[in-house]
Amino acid sequence: MSTAATIAWDDSILPFQLDASDMRGRIARLDHSLENILGQHDYPANVSEQVAQAVLLTAMIGQTMKLRWRLSLQIRGDGPLRLIATDYFAPAKAGEPGQVRAYASYDEERLQDGPGFPQIGKGMFAVIIDQGEGMQPYQGITPLAGGSLAACAETYFAQSEQLPTRFVLGAAQQVEAEGETWRGGGIMVQHMPPAGSHVTGEEGSGEGGLLDANDLIGRDAEEDWNRVTMLLETTELIELVGPHVTPDQLLVRLFHEETPRVFDAQSVKFGCTCSAAKVVQTMSMYSSKDVGHMTTDNGTVTADCQFCGAHYELPAQVLGFEADPEAAEAAAQAAKPSWPGRPAG
1 MSTAATIAWD DSILPFQLDA SDMRGRIARL DHSLENILGQ HDYPANVSEQ VAQAVLLTAM
61 IGQTMKLRWR LSLQIRGDGP LRLIATDYFA PAKAGEPGQV RAYASYDEER LQDGPGFPQI
121 GKGMFAVIID QGEGMQPYQG ITPLAGGSLA ACAETYFAQS EQLPTRFVLG AAQQVEAEGE
181 TWRGGGIMVQ HMPPAGSHVT GEEGSGEGGL LDANDLIGRD AEEDWNRVTM LLETTELIEL
241 VGPHVTPDQL LVRLFHEETP RVFDAQSVKF GCTCSAAKVV QTMSMYSSKD VGHMTTDNGT
301 VTADCQFCGA HYELPAQVLG FEADPEAAEA AAQAAKPSWP GRPAG
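Residue 120 in my numbering sits at position 120 of the sequence shown; the count goes up by one each step and never skips.
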């Protein structure tokens with residue numbers, strides 16, 4: 001495999017359609033973007049793997065959104081891995097890359113070695129779609145079910161969207177010239193049901209009576225669905241994370257008899273939207289008395305971005321709803337973020 005061919009698929013999402021079985025899907029390959037996300041933090045390996053899988057889900061689901069929309073996943077549980085939050089920002093205009101970011105919150109004392117998903121515990125899987133200013137965000141929530149983040153996402157689509165969906169996800173650290181780096185890959189396959197077909201008032205076959213993808217497949221599509229999902233399950237981790245098998249090669253290997261058709265790939269990069277101006281905006285809900293309780297000994301209020309680790313310091317006197325808006329704006333423009341907690345290198 002040439003270096004050029006490998007790089008061409010770094011940080012990309014390839015949409016495809018299986019004409020013979022009336023299904024659509026996406027293959028994601030995240031390399032530098034995933035390493036940039038996880039490189040902002042010093043997570044244990046099992047936490048990093050779950051964050052990587054959540055980012056893959058977010059990128060594949062978010063790829064279909066309209067320009068400038070944002071899709072977020074929130075996975076919350078009562079276990080030591082309390083929260084995984086991700087964002088996918090659709091491109092501002094056609095031809096630009098989408099942006100992804102993520103972070104996790106966990107109880108280090110309770111966290112154990114071994115698989116990361118069981119340590120999330122019982123909780124919820126939420127999908128939030130922000131369509132922009134003036135629009136009410138959409139939010140869909142389902143319980144955590146099925147024993148993996150992929151299964152949770154499948155339950156969400158079956159329960160909330162009534163779309164039969166299957167995911168295969170993989171992430172691993174690989175030793176490269178610059179050291180150990182994270183790489184991840186995923187495949188999403190979705191069967192488009194006939195218009196007007198909905199399941200109502202029935203208990204599903206999934207965990208806790210939730211709907212499963214198979215509950216939504218009619219008899220006329222059952223053979224195609226079973227065949228495609230069986231082929232999907234033959235995917236190996238090395239094929240997902242690459243770099244020796246490119247996404248288009250994997251698509252042909254899995255589904256060559258399904259008449260696959262590909263569309264333009266969407267590039268992805270790590271990106272964060274935090275800024276000093278957003279800190280000022282957040283602080284505008286507080287009174288000067290409240291701001292005083294947050295002020296350091298040197299007269300500043302500090303804020304840290306959970307996603308990228310950026311550290312902001314702003315004069316306390318320009319913050320809060322009682323402060324001069326012009327002074328607050330000037331302070332925001334003058335403030336420069338720093339990254340004191342960023343790992344060396």
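We put the beta carbon where it would ideally sit given N, CA and C, even for glycine.
According to the DSSP secondary-structure assignment, A303 is paired through a beta bridge with Y312.
Taking C-beta separations shorter than 8 angstroms and ignoring five residues to either side along the sequence, the partners of A158 in its chain run P164, T165, G204, G206, L210, L211, D212, A213, D215 and L216, following chain order. Of the other Cβ atoms in all chains shown, 16 or more fall within 10 Å of the Cβ of V47; this residue is therefore buried. With a cutoff of 8 angstroms on beta-carbon distance, A28 and M65 are scored as not near each other. If you ignore the 5 residues before and after Q173, its C-beta comes within less than 6 angstroms of the C-beta of E180 and W182, all in its own chain and listed in chain order.
The alpha carbon of D19 has as its nearest neighbour, out of E239, V189 and Q131, the alpha carbon of V189.
For D87, the enclosing beta strand (DSSP E) begins and ends at L81 to F89. One Cα belongs to G309, the other to S287, and the distance between them is close to 26 angstroms.
Under DSSP, T235 forms no beta bridge with any residue. E180 sits in a strand when the DSSP states are folded into three classes. For M60, the enclosing alpha helix (DSSP H) begins and ends at A45 to G62. Sixteen is the threshold: when 16 or more other Cβ atoms of the shown chains lie within 10 Å of the Cβ of T246, as they do, the residue is buried.
In the DSSP assignment, K278 falls within the unbroken alpha helix (DSSP H) covering A276 to M283.
Taking C-beta atoms as the reference points, I129 and L71 count as a pair closer than 8 angstroms. Minimum Cα-Cα distance from Q139 among the listed residues C152, Y156 and G123 corresponds to Y156. Around the beta carbon of S105, fewer than 16 other beta carbons sit within 10 angstroms, so the residue counts as exposed. Here P247 is not bridged, per DSSP, to any residue. Annotation: the continuous beta strand (DSSP E) that includes Q74 extends over R70 to G77.
In the DSSP assignment, A150 falls within the unbroken alpha helix (DSSP H) covering L149 to Y156. Contact between the segment 290-301 and the segment 316-328 is present: three or more C-beta pairs spanning the two stretches fall below 8 angstroms.
At a Cβ-Cβ threshold of 8 angstroms, A54 and L149 count as neighbours. In the three-state DSSP reduction, D290 falls in the helix class (H, G or I). Counting other Cβ atoms within 10 Å of its Cβ, R76 reaches 16 or more and is therefore classed as buried.
For the pair P91 and L56, the CB atoms are not nearer than the 8 angstroms cut-off. A distance below 6 angstroms between beta-carbons, with the five flanking residues on each side excluded, links L250 to the following residues of its chain, in chain order: E239. In the three-state scheme derived from DSSP, where H, G and I count as helix and E and B as strand, R110 is classed as coil. The residue among H191, H244, A52 and L231 with its C-alpha nearest the C-alpha of A221 is H191. The Cβ atoms of Q63 and G98 lie closer than 8 angstroms to each other.
Nearest neighbour of D42 by Cα position, chosen from S284, F307, T58 and R219, turns out to be F307. In the three-state scheme derived from DSSP, where H, G and I count as helix and E and B as strand, P118 is classed as helix. Bridge partners of L144 according to DSSP: none are assigned. With 16 or more other Cβ atoms inside 10 Å of its own Cβ, M283 counts as buried.
D297 is not bridged by DSSP to any residue. The shortest C-alpha to C-alpha distance from E133 to any of W69, F167, V279 and R253 is the one to W69. Non-local beta-carbon contacts of R110 in its own chain, meaning distances under 6 angstroms to residues more than five positions away in sequence, involve P80 in chain order. A265 and Y312 have their C-alpha atoms some 36 angstroms from each other.
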